[in-house]
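For the record, the sequence lines run as chains A and B.
14 is the number of the first residue of the first sequence in our numbering; add one for each residue after it.
14 is the number of the first residue of the second sequence in our numbering; add one for each residue after it.
Number of protein chains: 2
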Amino acid sequence: MAKFNFNLDTLPPSEIREEICSLTITQNVLQGRWKPLLIWYISLQPQRFGELTRLLPGISKGILAKQLKELEDDGLIQKEIFDELPFKVEYTLTDLGEQLLPVIAVMQDWGKKYIDSRQK
Amino acid sequence: MAKFNFNLDTLPPSEIREEICSLTITQNVLQGRWKPLLIWYISLQPQRFGELTRLLPGISKGILAKQLKELEDDGLIQKEIFDELPFKVEYTLTDLGEQLLPVIAVMQDWGKKYIDSRQK
DNA sequence: TAAGCTGGTCACAAAAAAGTGACTACTGTT
DNA sequence: AACAGTAGTCACTTTTTTGTGACCAGCTTA
Chain A
14 MAKFNFNLDT LPPSEIREEI CSLTITQNVL QGRWKPLLIW YISLQPQRFG
64 ELTRLLPGIS KGILAKQLKE LEDDGLIQKE IFDELPFKVE YTLTDLGEQL
114 LPVIAVMQDW GKKYIDSRQK
Chain B
14 MAKFNFNLDT LPPSEIREEI CSLTITQNVL QGRWKPLLIW YISLQPQRFG
64 ELTRLLPGIS KGILAKQLKE LEDDGLIQKE IFDELPFKVE YTLTDLGEQL
114 LPVIAVMQDW GKKYIDSRQK
């Protein structure tokens, strides 16, 4: 069953529907405990699978592989396999992934405001 | 057990830690299937409980009450009870909640880019 | 030869999130 | 008197997400 996230009985105007859809899409793409951090780390420099397990404490290989796969399927990151021995893999942001960086940046800005507001 | 989301054995520099923390805070505050939409609807105009159940198709009263409560506890929205009869309740954004609107806006911008990228 | 590195997959268990339906208590309408 | 609307709460079930530990195959180092 499709999730429209708006009421089909009293259909909102199309510009409202568009805002709801675009917001929900971004939310879904970022849904996952490690995804925002993964995108941010990969934006700093291309990252390898093993390096990400070291950067993120407590992440399991299973969920790391799964969330990387989902980010790849959503077109945010790409995977490059180097056939050197021992072989290695590098994850980098796609253009679409780069375009997501403003979202990460404003999230960080707001997080700092939140911390400030709690320290008063 | 606290979730630092960074590696305590090889502690990253403090400016990196700060970015990780602020990003994770914002992520946690927005975590919940309906929260971004709730914030957006409330930013359009003060909203009542019943109106929100009508705007959001399929949301249950239980989860709506829970997510509103969490947003209130996090200081993003405030609840005003009017003692008229029949009594009514209105939810509005706090200052901190208003400051979150840029996050919602860039999420919507990116969602539109994502839709465009998929239509090619 | 054994252990450690590379980057994973898989089945299962645990935890977290979300949904369901009944119930509350008050007022206004029919 | 019965039903609708106000805004919820509560116990329970279902669904989704995350974590756990074993396993794989090829290579390097001690």
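Beta carbons are placed, not taken as given, at the ideal position from N, Cα and C, and that holds for glycine.
Any C-beta of chain A under 9 Å from that of residue i
| i | result |
| --- | --- |
| LYS16 of chain B | yes |
| GLY63 of chain B | no |
| LEU43 of chain B | yes |
| ASP86 of chain B | no |
| ILE90 of chain B | no |
| GLN132 of chain B | no |
Below-9 Å beta-carbon distance, residue i vs any chain B residue
| i | result |
| --- | --- |
| GLU97 of chain A | no |
| GLN112 of chain A | yes |
| PRO115 of chain A | yes |
| ARG9 of chain A | The structure shown does not extend to residue 9 of chain A, since chain A is modelled only from 14 through 133, so no value can be given for it. |
| LYS125 of chain A | yes |
Proximity of residue i and residue j at Cβ, strictly below 9 Å
| i | j | result |
| --- | --- | --- |
| GLN80 of chain B | TRP47 of chain B | yes |
| GLU31 of chain A | LYS133 of chain B | no |
| LEU106 of chain A | GLN91 of chain A | yes |
| ILE128 of chain A | ILE29 of chain B | no |
| GLU103 of chain A | PRO59 of chain A | yes |
| ILE76 of chain A | GLY110 of chain A | no |
| LEU21 of chain B | ASN18 of chain A | no |
| LEU98 of chain A | MET120 of chain B | no |
| LEU57 of chain A | LEU89 of chain A | no |
| PHE95 of chain A | ALA78 of chain A | no |
Own chain, CB closer than 8 Å to residue i, minus 5 neighbours either side, in chain order
| i | result |
| --- | --- |
| MET14 of chain B | Residue placement at MET14 of chain B is poorly supported in this model, since its pLDDT is 41, which falls under 50; the coordinates are not used for a value here. |
| VAL180 of chain A | The displayed coordinates of chain A run from 14 to 133. Any statement about residue 180 of chain A would go beyond what the structure contains. |
| ILE72 of chain A | TRP47, LEU65 and THR66 |
Beta-carbon proximity list for residue i, same chain, < 6 Å, skipping 5 on both sides
| i | result |
| --- | --- |
| ASP87 of chain A | VAL42 |
| LEU84 of chain B | ILE90 |
Bridge partner(s) assigned by DSSP for residue i
| i | result |
| --- | --- |
| GLN60 of chain B | B:TYR104 |
| GLU93 of chain A | A:GLU103 |
Residue of the options minimising C-alpha distance to residue i
| i | options | result |
| --- | --- | --- |
| THR23 of chain A | B:PRO25, B:PHE17 and B:THR66 | B:THR66 |
| GLU64 of chain B | B:LYS101, B:SER130 and B:LEU113 | B:LYS101 |
| TRP123 of chain B | A:ASP122, A:SER130, A:ASP108 and A:TRP123 | A:ASP108 |
Cut-off 7 Å between Cβ atoms - residues of its own chain near residue i, not counting five sequence neighbours on either side
| i | result |
| --- | --- |
| PRO25 of chain A | PHE19 |
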